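Convert by adding 798 to the 1-based position in the sequence shown; the result is the number in my numbering. All C-beta atoms in this analysis are idealised placements derived from N, C-alpha and C, irrespective of residue type, glycine included. Only a predicted model underlies this, so the values are computations on that prediction, with no experimental measurement involved. Everything below concerns the one structure shown next.
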Amino acid sequence: MIIAGYEYRGQFPFRNVYYTGIVRDKQGRKMSKSLGNSPDPLDLMRDFGADGVRVGMLLCSPAGNDLLFDESLCEQGRNFANKIWNAFRLIRGWRVGDKPQPAYAAVAVDWMKARLSETVVTLNDDYDKFRINEALMTTYKLVWDDFCAWYLEMIKPPYGEDIAST
799 MIIAGYEYRG
809 QFPFRNVYYT
819 GIVRDKQGRK
829 MSKSLGNSPD
839 PLDLMRDFGA
849 DGVRVGMLLC
859 SPAGNDLLFD
869 ESLCEQGRNF
879 ANKIWNAFRL
889 IRGWRVGDKP
899 QPAYAAVAVD
909 WMKARLSETV
919 VTLNDDYDKF
929 RINEALMTTY
939 KLVWDDFCAW
949 YLEMIKPPYG
959 EDIAST
């Protein structure tokens with residue numbers, strides 16, 4: 799493809815190549831229909847959702863290395879997608895009030911902004927080096943550990959009260 803692109807268009811069609819490994823079963827055998835060790839992708843998507851399957855497989859597949867498939871990977875991906883959805887539902891359910899923001903919430907907002915800035919630097923580095931699985935793990939940790947486990951807990955209003963408008 800590189801030679802044809804250079805010959806017919808006078809330029810390289812791409813500069814980088816991303817090698818993917820082979821999906822293998824838990825015993826390290828290549829997945830195939832003839833061995834009967836390949837799950838039906840439609841069943842996986844029905845059980846874990848398409849995003850769950852994608853996230854689960856990407857989390858443990860560094861570029862060029864083989865992936866040892868286990869359905870628990872898809873379960874982890876589904877749980878991550880559910881975590882994002884539940885955080886969204888929580889925030890969407892908050893009512894904004896006219897009271898000033900508490901000092902602890904302002905500190906939490908500043909902390910989260912700093913974590914986001916650090917994470918963007920890390921993500922850019924990971925993507926520049928084609929470390930897709932590491933970029934996804936960085937995002938996973940940011941969302942699960944920092945955003946959901948800490949930030950939302952620090953800023954959420956007491957039950958039945960409005961959240962500050964600022």
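**OP:** Please go through the same chain and pick out, in chain order, the residues whose beta-carbon is closer than 7 Å to the beta-carbon of Phe867, but skip the five residues on each side of it.
**Re:** By the criterion of a C-beta distance shorter than 7 Å, Phe867 is surrounded in its chain by Val821, Arg822, Asp823, Met829, once the five residues flanking it on both sides are discounted.
Original post:
In this structure, what does DSSP give as the bridge partners for Val821?
Top reply: Paired residue(s): Leu865.
**OP:** Pick out whichever of Pro955, Ala861, Ile961 has its Cα sitting closest to the Cα of Asp896.
**Re:** Per the Cα distances, Ile961.
Original post:
Between Tyr938 and Val853, is the Cβ-Cβ spacing less than 9 Å?
Top reply: The Cβ atoms of Tyr938 and Val853 sit closer than 9 Å to each other.
**OP:** Please determine, among Asp841, Gly958, Lys881, the residue with the shortest C-alpha to C-alpha distance to Asp943.
**Re:** Comparing Cα positions, the closest option is Lys881.
Original post:
Using a Cβ-Cβ cut-off of 8 Å (strictly less than) and excluding sequence neighbours within five positions of Phe878, which residues of its own chain qualify?
Top reply: Cβ neighbours of Phe878 within its own chain (closer than 8 Å, five residues either side excluded): Gly850, Val853, Tyr938, Val941, Trp942.
Subject >> Separation of Ser832 from Asp838, as counted between CA atoms >> reply: So the two alpha carbons sit approximately 13 Å from each other.
**OP:** Identify, in the order they occur along the chain, each residue of the same chain with its Cβ nearer than 7 Å to the Cβ of Trp948, setting aside the five sequence neighbours on each side.
**Re:** None.
Original post:
Between Phe945 and Ala904, is the Cβ-Cβ spacing less than 9 Å?
Top reply: It is not a contact, given that the beta carbons lie outside the stated cut-off.
Original post:
According to DSSP, what are the bridge partners of Lys954?
Top reply: In the DSSP assignment, Lys954 forms no beta bridge with any residue.
**OP:** Count the C-beta pairs between the segment 918 to 936 and the segment 949 to 958 that are closer than 8 Å, then say yes if the count reaches three, no if not.
**Re:** Pairwise C-beta distances place the segment 918 to 936 out of contact with the segment 949 to 958, as fewer than three of them are shorter than 8 Å.
Original post:
Is it true that the CB of Gly834 sits closer than 9 Å to the CB of Asp864?
Top reply: No, they are not a contact pair.
**OP:** Taking only the alpha-carbon atoms, compute the straight-line gap between Met799 and Gly808 and give it to the nearest angstrom.
**Re:** Looking at the two C-alpha atoms, the distance is approximately 13 Å.
**OP:** Compare the Cα-Cα distances from Gly875 to each of Ile889, Trp892, Asp845 and report the closest residue.
**Re:** Nearest in C-alpha terms to Gly875, of all of Ile889, Trp892, Asp845, is Asp845.
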